[in-house]
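Participant:
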Amino acid sequence: MTIDQLNRLSEADATTAFEQCCGAAQWMERMVFARPFEQLSEVLETSDTIWEECDVDDYEEAFTHHPRIGDVESLAKKYANTKTWAAGEQKGVDGADHAVIEKLATGNTTYEEKFGHIFIVCATGKSAAEMLAILEARIKNDPKDEILIAAGEQNKITRLRLKKLLA
Numbered sequence: 079m080t081i082d083q084l085n086r087l088s089e090a091d092a093t094t095a096f097e098q099c100c101g102a103a104q105w106m107e108r109m110v111f112a113r114p115f116e117q118l119s120e121v122l123e124t125s126d127t128i129w130e131e132c133d134v135d136d137y138e139e140a141f142t143h144h145p146r147i148g149d150v151e152s153l154a155k156k157y158a159n160t161k162t163w164a165a166g167e168q169k170g171v172d173g174a175d176h177a178v179i180e181k182l183a184t185g186n187t188t189y190e191e192k193f194g195h196i197f198i199v200c201a202t203g204k205s206a207a208e209m210l211a212i213l214e215a216r217i218k219n220d221p222k223d224e225i226l227i228a229a230g231e232q233n234k235i236t237r238l239r240l241k242k243l244l245a
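Numbering (my numbering) for the sequence shown: 79 to 245.
(1) Whole angstroms are fine: how far does the CA of F111 sit from the CA of I81?
(2) What are the boundary residues of the alpha helix (DSSP H) that M79 is part of?
(3) Mapping DSSP to helix, strand and coil, what is Q98?
(4) Would you kindly work out how many angstroms separate the C-alpha atoms of I179 and E131, rounded to a whole number?
(5) Alpha carbon to alpha carbon, how far is C200 from E214? Give it in angstroms, no decimals.
(6) Reducing DSSP to helix, strand and coil, say where F193 ends up.
(7) Between G185 and T142, how many whole angstroms is the CB-CB distance? I'm expecting something under 8 Å.
(8) Hey, would you say I147 sits closer than 8 Å to M209, going by beta carbons?
(9) Does the beta-carbon of H144 have 16 or more other beta-carbons within 10 angstroms, so that it is buried, or is it exposed?
Structure representation (structure tokens):
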């Protein structure tokens with residue numbers, strides 16, 4: 079899709095397009111109303127500004143639009159509108175050692191129990207072992223710090239997906 083095509087979408091269609099990038103309703107709504115955009119850099123800058131103004135509830139809402147790292151089965155079910163992008167982003171899990179996958183699964187559960195949301199990491203270009211190491215390091219964080227780190231990771235994912243949307 080081009081920026082001109084994005085600008086000409088109905089509000090409902092623009093919301094659907096932006097939902098592929100970030101699932102926080104406030105972020106989507108504000109992105110829809112921020113149109114028209116002239117260039118990609120403006121889209122990304124606007125997205126960053128809106129995300130900075132979001133709160134913990136928005137972060138947690140966005141997180142619910144992601145599958146767990148390595149949870150390929152949920153991609154096909156719950157995340158049909160982003161499964162291709164999410165699968166590509168989590169490509170580093172493909173062919174990973176079974177022990178690493180098991181540790182990721184266990185770590186994800188422990189993380190969710192501690193923080194109340196799934197482990198969010200911008201997985202693009204990372205191996206399963208790298209993601210596991212990040213998870214193991216971040217699980218030691220204070221919840222107040224971790225939500226901000228996770229929100230930062232969400233913003234990285236959003237930016238990548240905006241670039242894919244407008245490729």
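No residue lacks a Cβ here, since even glycine has one placed at the ideal position from N, Cα and C. Quantities reported herein were computed from a predicted structural model and do not represent experimental measurements.
Facilitator: Taking the definition as stated:
(1) 14 Å
(2) From DSSP, M79 is part of no alpha helix (DSSP H); its letter is neither H nor E.
(3) coil
(4) 35 Å
(5) 15 Å
(6) helix
(7) The Cβ separation is near 19 Å, so there is no contact.
(8) yes
(9) buried
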